[in-house]
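Student: Handing you a structure now.
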Amino acid sequence: MKKVKYRHSAARLVLLSVSFIFSINAHVIAQDSPLSENEADVQETVQGPEESNVEAEASGGDAAAGKELFNTLCAACHKLDGNSIGPALRGVGERRDSEWLHEWIKNSQALIASGDEQAVAIFNEYNQVAMPPFPQLSDTDIDNILAYTNAPKAVPQEKQVVGGDAAATGGGGSGVSTDVILGILALVLLMLLVILFLVNKTLRRFAAASGVELPVREKRAGKPIWKSFVENQFLVILTSVILVLVGSYFAYGYLMQVGVDQGYQPIQPIHFSHRIHAGDNQIECKFCHSSSRVSKTSGIPSLNVCMNCHKSISEVAESTATEEYSKEFYDGEIAKLYDAVGWDVQNQAYTGETEPVKWVRIHNLPDFAYFNHSQHVEVGGIACQTCHGPVQEMEIMYQNAPLTMGWCINCHRETNVRTAGNEYYEKVHEELTKKYGVEELTVAEMGGIECMKCHY
Ligand code: HEC
Ligand code: HEC
Ligand code: HEC
Ligand code: HEC
Ligand code: HEC
Ligand code: HEC
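Letter by letter, the sequence shown follows residues -30 to -1, 1 to 426 in mature numbering (1 follows the signal peptide of the UniProt record, and there is no 0).
Below you can see the structure in the form of structure tokens.
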């Protein structure tokens, strides 16, 4: 009689698992189609800028080359949108005659002196501030710059989709797909619960219908479970061993984390974005961290270095704003810089009232370890990003590498010394390659894992 109880359950289970698997598949299939629509979207907008490039080229210039020239020569005084020291330059090719522009850019003062009406008018409009002559620019250079200034303004909407594109190709951590996956998981879990509940219910009803008596949970006479457990020595020993093993595993993991600040990302007194400076505007790392070339430390630039540019950049372009940080926010951060150096934007003069900015130090080795930047950057030729990660993408700086001893040593074991063109190394290299019988020397073979090299 007992067997009856589960007679049909096998068939039911199969049926349920089939429907379960099917329901997951349905989700995956449903998820596929909007995704591919998205892709189509992305492709469309990706084409957008390309087209505008083509247009620009048709009008006689390479906008990309123009952008570079513009940023190095003109950006100090001109913005594409909005006036700064000079007028906004977007679409200037439509406002003015091409020949006039060429003459103006090559030597505006000569044009003004010649009595050209337009030239005199704009010169007076801008309080007779002289724009420097650029005799070094060829006609093609100027065409390139004009092509860049004539490119239509990027529409914010487009920017968003392009961002989505980056997130999609960035893989792994993209917001959309994790949300979708989490949603699906939650749904699946919910369905599992419902299914279990239903299975339980039907089985009970089925049992009742076929007259099977379900065992009623009854209080078992005799010892409670924990008592029999305590009395079973083998089980007690086994559990203790497992507990000790698991415990020490976690304790070890915790201790290895002590003093390791990977990912440390403090809030700085001024929100300084490496993404905007080193990424979007391609300012060289060593322009600001100039001492990394010659000394042990890289150092943080003094505020005077900032003012080289920020005397004329008091606000960011509209297109710099992101969803997370608005233009007002960024402009406010530049205002903090002005407060710190005592710069009066209205009168374009220093007030003399300064208050130092206290940057929070992020990377910090213990005092007993010696690390030298110029040795790695200049002599070793290692890119900053190898150790500091994708700095040009960091909105807020964080510590990318663990900075543990194992991290230093691993790289020294794996990296070959760059000896080409380094006379000092030639002899050492010759001797050591013979000694080790290898073509290329790793840093370790050259002595890079001797304790005294890093510890004093
Ligand atoms: C030192 C500041 C400064 C730099 C650098 C500078 N300009 Fe100018 N520019 C001005 C000023 C100021 C004016 C307004 C006229 C005047 O006062 O001479 C102007 C006017 C112009 C105009 C006329 C705009 C109009 O609306 O008619 C053009 C075009 C122009 N600049 C192009 C350039 C280009 C291209 C570069 C880079 C190769 C450049 N400028 C670099 C300060 C500068
Ligand atoms: C316009 C100037 C500027 C440029 C260009 C720049 N930085 Fe910085 N960097 C700063 C300032 C200011 C700080 C301090 C504020 C902060 O931590 O964000 C800093 C901080 C850092 C730190 C953290 C220092 C610490 O406290 O441990 C690292 C690492 C760094 N920069 C690397 C780079 C690299 C790599 C590049 C090139 C890709 C670069 N920087 C380009 C100005 C600059
Ligand atoms: C080589 C030129 C240059 C130097 C040097 C420079 N900046 Fe900038 N800065 C820029 C440009 C360009 C922008 C972006 C303007 C835009 O997007 O329209 C900017 C934007 C900013 C912003 C607003 C965006 C953000 O990052 O939050 C702040 C704040 C700022 N800079 C602070 C600093 C500080 C502090 C220093 C010195 C450590 C510095 N800048 C050095 C060129 C420079
Ligand atoms: C081989 C790895 C490595 C490379 C390459 C490297 N750094 Fe560093 N960086 C470090 C370490 C390690 C520290 C922590 C040093 C300390 O605390 O003494 C550090 C610290 C810094 C700091 C904090 C201030 C200081 O000087 O201690 C800045 C800024 C910095 N690095 C910028 C740069 C820049 C810019 C480059 C490229 C020109 C660069 N780093 C290349 C490993 C590296
Ligand atoms: C990305 C790889 C890399 C990392 C990470 C790295 N190094 Fe190096 N290190 C090198 C290279 C390459 C050289 C050889 C440079 C040269 O040509 O002299 C070197 C050389 C050295 C030297 C000189 C060795 C000698 O024989 O003279 C010292 C000291 C040193 N590193 C310390 C450190 C410390 C401390 C750390 C960790 C905080 C570290 N390095 C992390 C690549 C690395
Ligand atoms: C390439 C550079 C380098 C070499 C070679 C090196 N160390 Fe270290 N060592 C470090 C750094 C960097 C730290 C700091 C790690 C941290 O803060 O987590 C460190 C930390 C230590 C510590 C403190 C414990 C710890 O892990 O924080 C001891 C002890 C130590 N080293 C011993 C040695 C001995 C012994 C040798 C020779 C066999 C040696 N080191 C060789 C870079 C080096």
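Cβ coordinates follow ideal geometry from the N, Cα and C atoms, glycine included.
Classify Asn370: buried if its beta carbon has 16 or more other beta carbons within 10 angstroms, exposed otherwise.
Tutor: Here residue 370 refers to the residue found at position 400 of the sequence shown. So Asn370 counts as buried.
Student: Less than 7 Å between C-beta atoms, sequence neighbours within five positions excluded: which residues of the same chain meet that for residue 429?
Tutor: As shown, the chain starts at -30 and ends at 426. That puts residue 429 outside it, with no answer to give.
Student: Who are the Cβ neighbours of Lys423 in its own chain at under 7 Å, not counting the five residues just before and after it?
Tutor: The sequence position of residue 423 within the sequence shown is 453, counting from 1. The residues are Gly417.
Student: DSSP state of Asp231, grouped into three classes?
Tutor: Position 261 of the sequence shown, counted from the first residue, corresponds to residue 231. Coil.
Student: Check whether the Cβ of His346 lies closer than 6 Å to any heavy atom of ligand 5, and answer yes or no.
Tutor: Here residue 346 refers to the residue found at position 376 of the sequence shown. Checking the Cβ of His346 against ligand 5 gives yes.
Student: For the 8 Å Cβ check, are there 3 or more pairs between the stretch 98 to 117 and the stretch 56 to 73?
Tutor: Contact holds: three or more Cβ-Cβ distances are below 8 Å.
Student: With 16 as the cutoff for other CB atoms within 10 Å, does Met101 come out buried or exposed?
Tutor: To locate residue 101, count along the sequence shown from 1; it is residue 131. Buried is the call here.
Student: I'd like to know whether the C-beta atoms of Ile240 and Lys306 end up nearer to each other than 7 Å.
Tutor: For the purposes of this step, residue 240 is taken as the residue at position 270 of the sequence shown. For the purposes of this step, residue 306 is taken as the residue at position 336 of the sequence shown. Cβ distance < 7 Å, so Ile240 and Lys306 count as in contact.
Student: May I have the straight-line CA-CA distance separating Thr15 from Pro271, to the nearest angstrom?
Tutor: Here residue 15 is taken as the residue at index 45 of the sequence shown, counted from 1. Here residue 271 is taken as the residue at index 301 of the sequence shown, counted from 1. Legend: pLDDT at Thr15 = 38, less than 50; position of this residue unreliable, no value from coordinates given.
Student: Hey, which unbroken runs of the alpha helix (DSSP H) at 4 residues or more fall wholly within the stretch 52 to 112?
Tutor: Fully enclosed alpha helix (DSSP H) runs of 4 or longer: 62 to 65, 68 to 76, 78 to 83, 87 to 95.
Student: Leaving aside the five residues before and after Arg60 along the sequence, list all residues of the same chain whose C-beta is less than 7 Å from its C-beta, in chain order.
Tutor: By one-based count along the sequence shown, residue 60 stands at place 90. Leu50, Asp51, Thr119, Lys123.
Student: Taking 6 Å as the cut-off, does the CB of Thr412 come closer than this to any heavy atom belonging to ligand 5?
Tutor: Looking up residue 412 in the sequence shown gives position 442. Every heavy atom of ligand 5 is 6 Å or more from the Cβ of Thr412, so no.
Student: Within the present structure, is the beta-carbon of Leu273 separated from the nearest heavy atom of ligand 4 by less than 6 Å?
Tutor: Residue mapping note: residue 273 aligns to position 303 of the sequence shown, counting from 1. No.
Student: Based on Cα-Cα distance, which residue from Ala33, Ile55, Asp86 lies nearest to Asn317?
Tutor: Looking up residue 317 in the sequence shown gives position 347. Looking at the Cα atoms, Ile55 is the closest of the given residues.
Student: Can you name the start and end residues of the alpha helix (DSSP H) that Trp329 belongs to?
Tutor: Here residue 329 refers to the residue found at position 359 when the sequence shown is read from its first residue. No alpha helix (DSSP H) holds Trp329; DSSP gives it neither H nor E.
Student: How would you call Leu(-16), buried or exposed, if buried means at least 16 neighbouring beta carbons within 10 angstroms?
Tutor: As a first step, residue -16 is located in the sequence shown; it is residue number 15 there, counting from the start. Low confidence applies here, because Leu(-16) scores a pLDDT of 48, under 50, leaving its location unreliable and the question unanswered by this model.
Student: Does the stretch 103 to 110 come within contact of the stretch 72 to 80, defined as at least 3 CB pairs closer than 8 Å?
Tutor: With the cut-off at 8 Å, the stretch 103 to 110 and the stretch 72 to 80 touch.
Student: Flag this pair as yes or no: are the beta carbons of Arg383 and Ala414 separated by less than 7 Å?
Tutor: Taking the sequence shown and counting its residues from 1, the one referred to as residue 383 is at position 413. Taking the sequence shown and counting its residues from 1, the one referred to as residue 414 is at position 444. Closer than 7 Å, so yes.
Student: Within 10 angstroms of its Cβ, does Leu411 collect 16 or more other Cβ (buried), or is it exposed?
Tutor: Counted from its first residue, the sequence shown places residue 411 at position 441. Flag for Leu411 reads buried.
Student: Going by DSSP, what residue range makes up the alpha helix (DSSP H) through Gln355?
Tutor: Here residue 355 refers to the residue found at position 385 of the sequence shown. Per DSSP, Gln355 belongs to the alpha helix (DSSP H) from 354 to 358.
Student: Hey, is Thr385 close to ligand 6, as in C-beta under 6 Å from one of its heavy atoms?
Tutor: By one-based count along the sequence shown, residue 385 stands at place 415. No; taking the cut-off as 6 Å, the Cβ of Thr385 has no heavy atom of ligand 6 nearer than that.
Student: Specify the secondary structure class of His48 as computed by DSSP and reduced to three states.
Tutor: Counting from 1 along the sequence shown, the entry for residue 48 is found at position 78. Note: His48 maps to coil in three-state DSSP.
Student: Tell me, which residues are paired with Trp196 by DSSP?
Tutor: Position 226 of the sequence shown, counted from the first residue, corresponds to residue 196. Trp196 pairs with nothing; no bridge assigned.
Student: So what's Ala156 in DSSP terms, helix, strand or just coil?
Tutor: For the purposes of this step, residue 156 is taken as residue 186 along the sequence shown, with counting starting at 1. Here Ala156 sits in helix by DSSP.
Student: Quick one: what's got a C-beta closer than 7 Å to Ala156's C-beta in the same chain, skipping five residues either side?
Tutor: The sequence position of residue 156 within the sequence shown is 186, counting from 1. Hits under 7 Å: none found.
Student: Taking the alpha-carbon of Asn274 as reference, which of Ala178, Tyr320, Phe338 has the nearest alpha-carbon?
Tutor: If you number the sequence shown from 1, residue 274 lands on position 304. Closest by alpha carbon: Tyr320.
Student: Considering Cα atoms alone, identify which of Gly233, Ile246, Gly322, Leu213 is closest to Cys357.
Tutor: Working through the sequence shown from its first residue, we reach residue 357 at position 387. For the residues Gly233, Ile246, Gly322, Leu213, the minimum Cα distance to Cys357 belongs to Gly233.
Student: May I have all residues whose beta carbon comes closer than 6 Å to any heavy atom of ligand 2, sorted in chain order?
Tutor: Chain-ordered list of matching residues: Gln238, Phe242, His244, His247, Ala248, Ile253, Cys255, Phe257, Cys258, His259, Ile270, Pro271, Trp329, Arg331, Ile332, His333, Cys354, His358, Val361, Gln362, Met367.
Student: Can you check DSSP and say which residues form a bridge with Tyr320?
Tutor: Taking the sequence shown and counting its residues from 1, the one referred to as residue 320 is at position 350. Looking at the DSSP assignment, Tyr320 forms a beta bridge with Trp313.
Student: DSSP state of His333, grouped into three classes?
Tutor: Locating residue 333 in the sequence shown gives position 363, where the first residue counts as 1. Here His333 sits in coil by DSSP.
Student: So, at 8 Å on beta carbons, what are the nonlocal neighbours of Cys255 in its own chain, with the 5 sequence-adjacent residues on each side left out?
Tutor: Here residue 255 refers to the residue found at position 285 of the sequence shown. If we look at Cys255 and ignore the five residues flanking it on each side, its Cβ neighbours are Ala248, Ser262, Cys354, Val361.
Student: Quick check on DSSP: helix, strand or coil for Thr403?
Tutor: For this step, residue 403 is matched to residue 433 along the sequence shown. In this structure, Thr403 counts as helix in the three-state DSSP scheme.
Student: Considering Gly376, what are the terminal residues of the alpha helix (DSSP H) in which it resides?
Tutor: Position 406 of the sequence shown, counted from the start, is the residue given in the question as residue 376. Here the alpha helix (DSSP H) through Gly376 covers 375 to 384.
Student: Give the range of the alpha helix (DSSP H) segment to which Gly36 is assigned.
Tutor: On the sequence shown, residue 36 is found 66 positions in, with the first residue counted as 1. Residues 33 to 39.
Student: With a CB to CB cut of under 8 Å and the five nearest residues on each side skipped, what residues in its chain are close to Gly269?
Tutor: Position 299 of the sequence shown holds residue 269. So the qualifying residues of the chain are His259, Ser260, Ser261, Ser262.
Student: Any heavy atom of ligand 3 closer than 6 Å to the CB of Asn278?
Tutor: Your numbering for residue 278 matches position 308 in the sequence shown. Answer for Asn278: yes, Cβ within range of ligand 3.
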